[in-house]
Amino acid sequence: MVDIMAKQWYQRRVRAIIGVTEAFNRDTNPNKMNVGVGAYRDDAGKPYVLPCVRSAEELLVSQNLNHEYLPTHGCPNLRQAAKVLAFGADSVAVTENLVASTQTISGTGALRIGGEFIKKFHSSETIYLPTPSWGNHTPIFRDSGLEVKSYTYYKKDTKGLDFQGMLSDISQIEEGATILLHACAHNPTGVDPSPEQWNEISQVVKSRNLLVFVDMAYQGFASGNLEKDAYAVRKFTEEGHRILLAQSFAKNMGVYGERCGAFSIVGESESEAAALESQIKIVVRPMYSSPALHAARLVGTVLNDPALYAQWLVDVKGMADRIISMREALKSGLEKEGSVHNWDHLVNQIGMFCFTGMTPEQVARLTEEFSVYLTKDGRISVAGVSSRNVEYLAHAMHTVTK
Amino acid sequence: MSHFGEVSYVELPAVFHLSGRFAADTDPNKVNLTIGAYRTEAGKPWVLPCVRQAESILASDETINKEYLSMSGLQSLCDAAMRLVLGESSPVIQEDRAVALQTLSGTGALYICFQFIDQFYGGCKDIYVSDPSWGNHKLMIDRIPGLNFKQYPYYNSETMTVDVDAMCRTLDGAAEGSVVLLHACAHNPTGIDPSRNDWEKIAAVCRKKNLLVIFDLAYLGYASGDYNEDAWSIRYFADLGMEFFVCQSFAKIMGLYSERVGALHFVGATSEIAHKCLSQMKIIVRSIYSNPPSHGARIASLCLNNRDLRIEWEDCLKEMHARIRRARTYLHTALKMANVPGNWDHILSQNGMFSYTGLTKAQCEVLIEKHHIYLLKSGRISMCGVTESNAKYVAESFKDAIETAKEN
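What follows is the structure in structure tokens.
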């Protein structure tokens, strides 16, 4: 009757992350730290509404707009701006109208639409995820009806990329299967390929004629530079890969709960793009008819207004810079504590998350002895680190790892 | 070399097409009787004053941020929505047998509901839907391989009433434990609802065959102007101790269409069962969209929970209902004045946004092509598109269509 076994492992996973936050909330230790949840915090540890988004909101309130239905594929304003942001205004994909797209319910929604689309139209029903990947990728693709497999990605010894392992695995993937790539700021490891490595990956992927699905949840948020963070998307597209792309504005625009994202496919031609887009709408309509407007208005306003866009570049770089500085502060804090371990990976990894390399036992001690809350895999959310608590964290991490 | 070279171009359902054609039509007399969105007497969208005020409150509230809602959405909305549907002093709520999660409007609620039934219901997965029904119902059910779309007779086109006996006969012949989708009020597309007597018969056959009931609730308040009155069927089933889902939309009842605000309610046999089901529904949500949008939910929650806004919203609902009733009167009067052949009393007796006019496909085509009056070829019109100033034109066009349409 019910596929209970398959559901249970996932429920445990969901409970693991939610459990971290709940336990954190209950803890009365004044020094407690939540480095579990993946949402940006400012240096005071508070949720952050980007100034450009605040301004956009004020603008919208004054316009007294209505809430009439959007088309199935969402706000045209937002869709076009999302394409330009991802692919570049001068890219052939944009200038020749090769991109079919829909606004989605943030990144999760984009991934699910993509999964359903692949299941419906693609010859292969297998998708390959990096090991490890975001916890929700597997359920999303499995529930889309796809078979989920994996390729080597993270190397435990170096806490970096297992590049040879990755290439080797990809070269053995059956022709025509789908491969999921994280565009930047890999979740959960923070380990990204270099541009040169991306170039090689592109070649191997091409040689296997794989369908490329890129998950880009952190454009701008990783390095502070939009073009740099979109390197893989643009390079692959230039190289002729007709990629599927899931974009999230949750982190880089800080609109998390408003749910703003986009799903795109690059077609061979303008007419193919039109056909693909018509079929994407058919996938969307039975699920929720059309996406949420408010988020699209906010993000669309920021992306399309030159002054707000300029403000956004400052805001997003500010977030990226703060995270980078916390990584550096944590590393130097550990060195100051006298740690003999190599903590280079803290600054080599990029984005919100950091695979510290701590064991489950060490993680448990961090929580029990220091009220520092993180997931068992040793992943910390650097967004939860601030100038007020980075020394405490360094001290705690040193204590459990020395 | 494309992976998708074989993908063909596909048209969206008719209703979207027609809206597009209407928008492009330059005829000054054009009338849009297709889409189910409320329009004022001036033919304009209406942002409810309580919604505007709620937006103002939200905009100036510094404590509100954009953090993720939980998988089940905004709790204050879920709680208020539950009381709205089941009643303030519902025993089911007191017994903690009712659970709710925020969804992507009514469609989103139906989708989660169908997915949940597909994955967790051990009974018969034949889903009985009224003939006719909202077009998206069939699309959604067909989309999930484990579910089987079936129909029950509903609309008697000769008498223009609910054929409750035929409906109950079909449901009585269904396999034990099948699923049945009912429109709680203001049936889309016919506008014809069962009487209380009819509901008693329907409930009886549902109990007899142990059918799993889903209520589609997109128009609470649009049938009578009073949401307690409109929720009668749901509350009756609750009083009988039945298990059921309610797929609720706030799109029309609060004018929040594009903000995608809805709720999926489940009333279980026991509290434990209800909460277990809720936990599984949340897992389903996570792999579709993780958590629902916050903006619309906050607006709806304020309108339901803030005392002054609640009173204002109730008045807005009454106004929308009243305007639609006036539109029905304008059209009915105009049809009589123009001596349009046929009995048009159903325009007055039908409920809610829509009316099944009884016009044939050929007659509808004349209306569209010759008179620039856009409606679905099933003969369904949205009363929201009728105003005092266009009723005469619409009536006269109906007359011409009836007289000149060539039936095949």
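Top line first, the protein sequences correspond to chains R and H. Those letters in the first sequence? Residues 1 to 402, by the working numbering. Those letters in the second sequence? Residues 1001 to 1408, by the working numbering. Beta carbons are placed, not taken as given, at the ideal position from N, Cα and C, and that holds for glycine. These numbers were taken from a predicted model, which means no experiment stands behind them.
Applying a beta-carbon distance threshold of less than 7 Å, which residues of chain R neighbour residue i?
| i | result |
| --- | --- |
| H:V1010 | S278, Q279 and I282 |
| H:R1143 | P286 |
| H:S1130 | Ordered by position in chain R, no residue passes the 7 Å Cβ test against H:S1130, which lies about 18 Å from the chain. |
| H:L1069 | G257 |
Which chain R residues sit within Cβ distance under 8 Å of residue i?
| i | result |
| --- | --- |
| H:H1295 | E258, A292, H294 and A295 |
| H:A1139 | Checking the sequence, you will find Leu at residue 1139 of chain H rather than Ala. Here the neighbours are R285 and P286. |
| H:G1005 | E268 and E272 |
| H:K1066 | P47, V49, V53, G254, V255, Y256, G257 and E258 |
Once the 5 residues before and after residue i are set aside, which same chain residues still bring their CB inside 8 Å of it?
| i | result |
| --- | --- |
| R:N209 | E175 and G176 |
| R:L129 | H137, T138, F141, V148, K149, S150, Y151 and L180 |
| R:M1 | Residue placement at R:M1 is flagged as unreliable, the pLDDT there being 31, under the threshold of 50; the coordinate-derived value follows with that caveat. Closer than 8 Å at Cβ, skipping near neighbours: no residue. |
| H:I1234 | V1085, L1086, A1184, F1215, L1217, F1244 and V1246 |
| R:E369 | A396, T399 and V400 |
Alpha carbons only, please: which of the options is nearest the one belonging to residue i?
| i | options | result |
| --- | --- | --- |
| R:V372 | R:N31, R:E22 and R:R26 | R:N31 |
| H:D1163 | H:W1199, H:I1057, H:V1007 and H:S1224 | H:W1199 |
| R:M319 | R:V37, R:D43, R:I179 and R:N342 | R:D43 |
| R:D157 | R:H137, R:G357 and R:N136 | R:G357 |
| R:S260 | R:G88, R:A250, R:C75 and R:E57 | Correcting the residue type first, residue 260 of chain R is Cys in the shown sequence and not Ser. Of the candidates R:G88, R:A250, R:C75 and R:E57, the one whose C-alpha sits nearest the C-alpha of R:C260 is R:A250. |
| H:S1157 | H:G1385, H:H1346 and H:E1176 | H:H1346 |
| H:W1313 | H:A1338, H:K1252, H:R1326 and H:S1076 | H:K1252 |
| H:E1011 | H:H1003, H:G1020, H:G1005 and H:F1004 | H:G1020 |
| H:A1081 | H:A1231, H:N1136, H:L1147 and H:Y1330 | H:A1231 |
| R:F121 | R:S144, R:G107, R:G224 and R:E22 | R:S144 |
| R:T401 | R:S381, R:G338, R:S386 and R:N348 | R:G338 |
| H:N1390 | H:G1268, H:S1178, H:G1043 and H:S1076 | H:G1043 |
| R:V214 | R:Q172, R:I170 and R:F263 | R:F263 |
| R:Q247 | R:G114, R:P188 and R:N342 | R:G114 |
Using a C-beta to C-beta distance shorter than 7 Å, which residues of chain H count as neighbours of residue i?
| i | result |
| --- | --- |
| R:N66 | P1045 and V1047 |
| R:G121 | For the record, residue 121 of chain R in the displayed sequence is Phe; it is not Gly. Within chain H, the residues near R:F121 are F1004 and V1007. |
| R:D315 | Correct list: empty, because the minimum Cβ distance to chain H is about 13 Å. |
| R:D143 | S1287 |
Suppose the cutoff is 7 Å on Cβ atoms and the five residues either side in sequence are ignored; what does the same chain contact list for residue i look like?
| i | result |
| --- | --- |
| H:A1054 | I1299, L1302, C1303 and L1309 |
| R:V84 | V94 |
| H:K1030 | F1022 and H1372 |
| R:A296 | G74, C75, L78, Q103 and C260 |
| H:H1275 | V1099 |
| R:N97 | E270 and A273 |
| R:V266 | A93, L98, V99, T237, R242 and I243 |
| R:I4 | In this prediction, R:I4 has a pLDDT of 46, which is less than 50 and means its spatial position is unreliable; nothing more can be read from the coordinates. |
Which residues in chain R have a C-beta closer than 9 Å to the C-beta of residue i? List them in chain order.
| i | result |
| --- | --- |
| H:T1107 | R285, P286, M287, Y288, S289 and S290 |
| H:F1136 | Sequence inspection shows Asn at residue 1136 of chain H; the Phe mentioned does not correspond to that position. Going along chain R in sequence order, the residues near H:N1136 (Cβ under 9 Å) are R285, P286 and S289. |
| H:L1256 | H67 |
Beta-carbon within less than 6 Å of residue i's beta-carbon, same chain only, minus the 5 sequence neighbours each way: which residues are those?
| i | result |
| --- | --- |
| R:H73 | T102 and K281 |
| H:I1144 | F1114 and D1118 |
| H:S1249 | S1105, G1106, A1218 and G1262 |
| R:W312 | C52 and V302 |
| H:K1318 | G1225 |
| H:N1351 | A1186, G1191, D1193 and A1223 |
Which chain H residues sit within Cβ distance under 8 Å of residue i?
| i | result |
| --- | --- |
| R:N136 | R1286, S1287 and S1290 |
| R:E57 | A1059 |
Could you tell me which chain H residues have their CB closer than 9 Å to the CB of residue i, listed as they occur along the chain?
| i | result |
| --- | --- |
| R:A21 | Note that residue 21 of chain R is Thr in the sequence shown, not Ala. The contacting residues do not exist; R:T21 stays about 10 Å from chain H at best. |
| R:T108 | R1286, S1287, I1288, Y1289, S1290 and N1291 |
| R:P139 | I1283, R1286 and S1287 |
The stretch 242 to 256 of chain R in contact with the stretch 1064 to 1073 of chain H per 3-pair CB rule at 8 Å: In short, these stretches touch, since the Cβ pair count reaches three.
Cβ contact (3+ pairs, closer than 8 Å) linking the stretch 1362 to 1373 of chain H and the stretch 1389 to 1403 of chain H: Contact between the stretch 1362 to 1373 of chain H and the stretch 1389 to 1403 of chain H is present, with at least three C-beta pairs closer than 8 Å.
Whole alpha helix (DSSP H) elements within the stretch 231 to 315 of chain R, 4-residue minimum: Within the stretch 231 to 315 of chain R, the complete alpha helix (DSSP H) runs of at least 4 residues are 231 to 238, 270 to 288 and 293 to 304.
Every unbroken beta strand (DSSP E) inside the stretch 1238 to 1309 of chain H [3 residues or more]: Scanning the stretch 1238 to 1309 of chain H for uninterrupted beta strand (DSSP E) segments of 3 residues or longer gives 1244 to 1249 and 1261 to 1267, listed from N- to C-terminal end.
Cβ contact (3+ pairs, closer than 8 Å) linking the stretch 1235 to 1252 of chain H and the stretch 1283 to 1290 of chain H: Result no; under three Cβ-Cβ pairs closer than 8 Å.
Start-end ranges of the alpha helix (DSSP H) lying completely within the stretch 1058 to 1096 of chain H, minimum 4 residues: If we require 4 residues or more, the alpha helix (DSSP H) runs fully inside the stretch 1058 to 1096 of chain H come out as 1075 to 1086 and 1091 to 1094.
Meets three-Cβ-pair contact criterion under 8 Å: the stretch 1376 to 1386 of chain H and the stretch 1341 to 1359 of chain H: Contact between the stretch 1376 to 1386 of chain H and the stretch 1341 to 1359 of chain H is established, with three or more Cβ pairs separated by less than 8 Å.
Contained beta strand (DSSP E) runs [length at least 3] in the stretch 1128 to 1183 of chain H, N- to C-terminal order: Counting only runs of at least 3 residues, the stretch 1128 to 1183 of chain H fully encloses the following beta strand (DSSP E) elements, listed from N- to C-terminal order: 1148 to 1153 and 1179 to 1183.
Start-end ranges of the alpha helix (DSSP H) lying completely within the stretch 152 to 240 of chain R, minimum 4 residues: Correct list: 163 to 170, 195 to 207, 226 to 229 and 231 to 238.
Contact the stretch 1359 to 1370 of chain H vs the stretch 1003 to 1017 of chain H: 3+ CB pairs below 8 Å: At 8 Å Cβ cutoff, the stretches do not touch.
The stretch 390 to 399 of chain R contacting the stretch 19 to 37 of chain R, beta-carbon criterion three pairs below 8 Å: Inter-segment contact for the stretch 390 to 399 of chain R and the stretch 19 to 37 of chain R is present: three or more beta-carbon pairs are separated by less than 8 Å.
Cβ pair count under 8 Å reaching 3, the stretch 377 to 384 of chain R against the stretch 344 to 361 of chain R: Counting Cβ pairs under 8 Å, three or more are found: they touch.
Runs of beta strand (DSSP E) lying entirely within the stretch 6 to 76 of chain R, each at least 3 residues, in chain order: Complete beta strand (DSSP E) runs here, min 3: none at all.
Cβ pair count under 8 Å reaching 3, the stretch 222 to 237 of chain R against the stretch 314 to 334 of chain R: As far as the Cβ criterion goes, the stretch 222 to 237 of chain R touches the stretch 314 to 334 of chain R, which means the pair count is three or higher.
Sufficient close CB pairs (3 or more, under 8 Å) joining the stretch 1122 to 1134 of chain H to the stretch 1324 to 1339 of chain H: Verdict: no, contact absent.
Those runs of the alpha helix (DSSP H) which lie wholly inside the stretch 78 to 118 of chain R and span at least 4 residues: 92 to 95, all fully within the stretch 78 to 118 of chain R.
Unbroken stretches of the beta strand (DSSP E), 3 residues or longer, contained in the stretch 359 to 396 of chain R: The stretch 359 to 396 of chain R contains, as complete beta strand (DSSP E) runs of 3+ residues, the segments 379 to 381 (chain order).
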